[in-house]
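A short worksheet on the structure shown next.
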Amino acid sequence: MRSFILYMGLLLVLNHIGHAQTPLSLEDCYRQAEMHSPLAAQTRLIQEATELQIKILSSSYVPQSRLNGQATWQSDVTSLPIKLPNFEISPPPKDQYKLTLDLTQTIWDGGVVQKQKAVALANQQAEQQKVAVDLYQIREQVSNLFFGALFAERQLHNFEILQKELRAKLTKTQASVQNGIAIRSNVLSLEARLLEIEQQLLETQKRRTAALEGLSLLTGTAIDTNTPLVALPVKTQNSEIVRPELRLFDAQKQTLAVNEQVIKAKNAPKLSAFATGGYGRPGLNFLATSFQTYFIGGVQLQIPLTHWYTKSQGMEIRQLRANQQRVERQRESFLLATQVRLANQRREVERLQALVESDRKLIDIRSTIRKASESQLDNGIITASDYLTEVNNEDTARQNQILHEVQLLQAQNNLRLTAGN
Numbered sequence: 020m021r022s023f024i025l026y027m028g029l030l031l032v033l034n035h036i037g038h039a040q041t042p043l044s045l046e047d048c049y050r051q052a053e054m055h056s057p058l059a060a061q062t063r064l065i066q067e068a069t070e071l072q073i074k075i076l077s078s079s080y081v082p083q084s085r086l087n088g089q090a091t092w093q094s095d096v097t098s099l100p101i102k103l104p105n106f107e108i109s110p111p112p113k114d115q116y117k118l119t120l121d122l123t124q125t126i127w128d129g130g131v132v133q134k135q136k137a138v139a140l141a142n143q144q145a146e147q148q149k150v151a152v153d154l155y156q157i158r159e160q161v162s163n164l165f166f167g168a169l170f171a172e173r174q175l176h177n178f179e180i181l182q183k184e185l186r187a188k189l190t191k192t193q194a195s196v197q198n199g200i201a202i203r204s205n206v207l208s209l210e211a212r213l214l215e216i217e218q219q220l221l222e223t224q225k226r227r228t229a230a231l232e233g234l235s236l237l238t239g240t241a242i243d244t245n246t247p248l249v250a251l252p253v254k255t256q257n258s259e260i261v262r263p264e265l266r267l268f269d270a271q272k273q274t275l276a277v278n279e280q281v282i283k284a285k286n287a288p289k290l291s292a293f294a295t296g297g298y299g300r301p302g303l304n305f306l307a308t309s310f311q312t313y314f315i316g317g318v319q320l321q322i323p324l325t326h327w328y329t330k331s332q333g334m335e336i337r338q339l340r341a342n343q344q345r346v347e348r349q350r351e352s353f354l355l356a357t358q359v360r361l362a363n364q365r366r367e368v369e370r371l372q373a374l375v376e377s378d379r380k381l382i383d384i385r386s387t388i389r390k391a392s393e394s395q396l397d398n399g400i401i402t403a404s405d406y407l408t409e410v411n412n413e414d415t416a417r418q419n420q421i422l423h424e425v426q427l428l429q430a431q432n433n434l435r436l437t438a439g440n
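Using the working numbering, read the sequence shown as starting at 20 and increasing by one per residue.
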């Protein structure tokens, strides 16, 4: 029999463990929301597009080939205005045909392709950083829903404790009425307050359910009312700003810097080799009247000169540098606005810390007064309405403490979010 009882007890413990919900932290919500967001897929797509662009650019080093065909008829052809005895030089035909295969191999392009690859990688970094900035904005939505659900959860716990105490007091008061010690109105007052608590419980449960449903949608995971929420105090001593927007500004400046190198490379000397194989009439001998094969090969040097007298390169570079300065001003403006926001949030954290400390002292006082009034009610010195006044005062103090504690946790988290830590 004893073994059977131990076995059943073990089953109950294992069943409780199996149904216990894993605590959900705010960091878990952040991570799941970022993974679930459609924006997360953009990072991979941006990388794939960049890899394809680099492959296309690399094809510039592959020999470029082109097949050309041409047939013409002209009204006159080259002829020699001389006559030799017993020798006649026939003029070439007026209809001419040419089929050629042209090959071109870049030997040195001035570094254009290399710099264009660098631009592609810089653009990838900037685009991916834009996605990181957008994903970071999701954290604010997650934070609001999480702390809304946490506030409702703690309120529910407080209401349930208060409800349990008043039910016990109602049972005791009903017995006193039956014994002729207390009056009927005391019972009615307690019953009315219990109904009010039931309404508050219902309203708070609805608010919590709505917040958890929002979290479920953002994170892509099922979060029900049995899932405990965990929020630990956040250290806010680190004041360094490491927001993803700063990395975006740096990536944008780097992209502009690499584009400047591309402009310089486009105006650098370029060297290439070429070869042409052909079949046609005439061939290289323009006086020939028969179809012939031929071949031409060589190297080609190109030195752009236009930019020297049009000053186009200088204007393009000045435009890029002006854009770099504009990005730098945007960065400075963002830093200033963030520093102002951090200063306000630090003051808010200090204010809430002071309120939480004051709430603890106030609750101790209200609890002492409520216990005294409870004894007075039991002895018939005061009515249930008087007692409920002190109960409500203590409950208000506890509700304020819950509100200030959750607000403090959220303010500390907001301070960390603003700094990017």
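Ideal Cβ positions, reconstructed from N, Cα and C, are used throughout, including at glycine.
Top-ranked residue by Cα proximity to residue i, from the options
i, options, result
"Leu-118", "Leu-374, Lys-191, Ala-68, Gly-299", "Gly-299"
"Lys-289", "Leu-221, Gln-311, Asn-304, Pro-323", "Pro-323"
"Ser-79", "His-55, Gln-124, Trp-92, Ala-171", "Gln-124"
"Pro-110", "Leu-122, His-55, Gln-93, Tyr-313", "Gln-93"
"Leu-236", "Leu-189, Ser-56, Asn-205", "Ser-56"
"Gln-218", "Ile-202, Ala-229, Glu-179", "Glu-179"
"Ala-444", "Glu-210, Val-281, Gly-167", "The structure shown does not extend to residue 444, since the chain is modelled only from 20 to 440, so the question has no answer here."
"Pro-112", "Leu-120, Ile-126, Thr-97", "Thr-97"
"Leu-73", "Ala-241, Gln-89, Val-138", "Inspection of the sequence shows that residue 73 is occupied by Ile rather than by Leu. Cα-wise, what sits closest to Ile-73 is Val-138."
"Gly-439", "Glu-53, Gly-129, Val-152, Gly-130", "Val-152"
"Arg-360", "Gln-431, Val-131, Gln-133, Leu-71", "Gln-431"
"Ile-382", "Asp-414, Lys-136, Arg-158, Thr-192", "Asp-414"
"Ala-90", "Gln-156, Asp-114, Asp-397", "Asp-114"
"Gln-148", "Pro-263, Gly-302, Glu-424", "Pro-263"
"Leu-396", "Leu-120, Val-132, Asn-163, Ser-195", "Ser-195"
"Ser-291", "Val-81, Ala-59, Gln-61, Asp-47", "Val-81"
"Leu-169", "Leu-43, Arg-385, Val-375", "Leu-43"
"Arg-417", "Thr-437, Leu-374, Asn-398, Val-206", "Leu-374"
"Glu-146", "Gly-199, Trp-127, Thr-62, Leu-221", "Thr-62"
"Lys-225", "Leu-58, Lys-183, Leu-175", "Leu-175"
"Asp-47", "Lys-191, Ile-242, Asn-304, Val-261", "Ile-242"
Residue i (DSSP reduced to helix, strand or coil)
i, result
"Phe-170", "helix"
"Gly-28", "Interpretation of Gly-28 is limited by its pLDDT of 41, a score under 50 that renders its predicted location unreliable; no figure is taken from the coordinates."
"Ser-291", "strand"
"Asn-419", "helix"
"Asn-34", "In this prediction, Asn-34 scores a pLDDT of 45, lower than 50, which makes its location untrustworthy; the coordinate-derived value is nonetheless stated afterwards. Asn-34 falls in the helix class under three-state DSSP."
"Val-261", "coil"
"Ser-22", "With a pLDDT of 40 at Ser-22, under the threshold of 50, the modelled position of that residue is not reliable, and the figure given next carries that caveat. In this structure, Ser-22 counts as helix in the three-state DSSP scheme."
"Gln-93", "coil"
"Val-249", "strand"
"Ser-56", "coil"
"Ser-77", "helix"
"Asn-304", "coil"
"Ser-84", "strand"
"Lys-117", "strand"
"Ile-242", "coil"
"Ile-401", "coil"
"Ser-392", "helix"
"Ser-44", "strand"
"Gly-439", "coil"
"Gly-299", "strand"
Beta-carbon separation (whole angstroms), residue i vs residue j, contact threshold 8 Å
i, j, result
"Leu-434", "Gln-372", "Going by Cβ atoms, the distance from Leu-434 to Gln-372 rounds to 12 Å, so no, they are not a contact pair."
"Thr-244", "Arg-227", "7 Å"
"Glu-409", "Ile-388", "5 Å"
"Asn-286", "Gln-332", "5 Å"
"Ser-204", "Ala-403", "7 Å"
"Tyr-136", "Leu-76", "First, the residue type needs correcting, since residue 136 is Lys and not Tyr in the sequence shown. Sure, about 5 Å apart at Cβ, within 8 Å."
"Leu-209", "Leu-185", "6 Å"
"Gln-280", "Ala-141", "That pair is no contact at about 10 Å."
Beta carbon proximity, residue i to chain B, threshold 8 Å
i, result
"Gln-174", "In the structure shown, chain B does not exist; there is a single protein chain."
Quiz prompt | Residue ranges of each alpha helix (DSSP H) within the region 311-390, 4 or longer | solution = 325-329
Exercise. Kindly provide the ranges of any alpha helix (DSSP H) runs that are 4 or more residues long and lie completely inside the region 158-213, ordered along the chain.
Key: Segments of the alpha helix (DSSP H) lying fully in the region 158-213: there are none.
Practice problem: Pair every Cβ in the region 79-88 with every Cβ in the region 52-70, then say whether three or more of these pairs are closer than 8 Å. | Solution: Under the 8 Å Cβ criterion, the region 79-88 does not count as touching the region 52-70, having fewer than three qualifying pairs.
Self-check item: Stretch-stretch touch, CB-based, cutoff 8 Å, three pairs: the region 294-314 with the region 339-354
Solution: Segments in contact, no.
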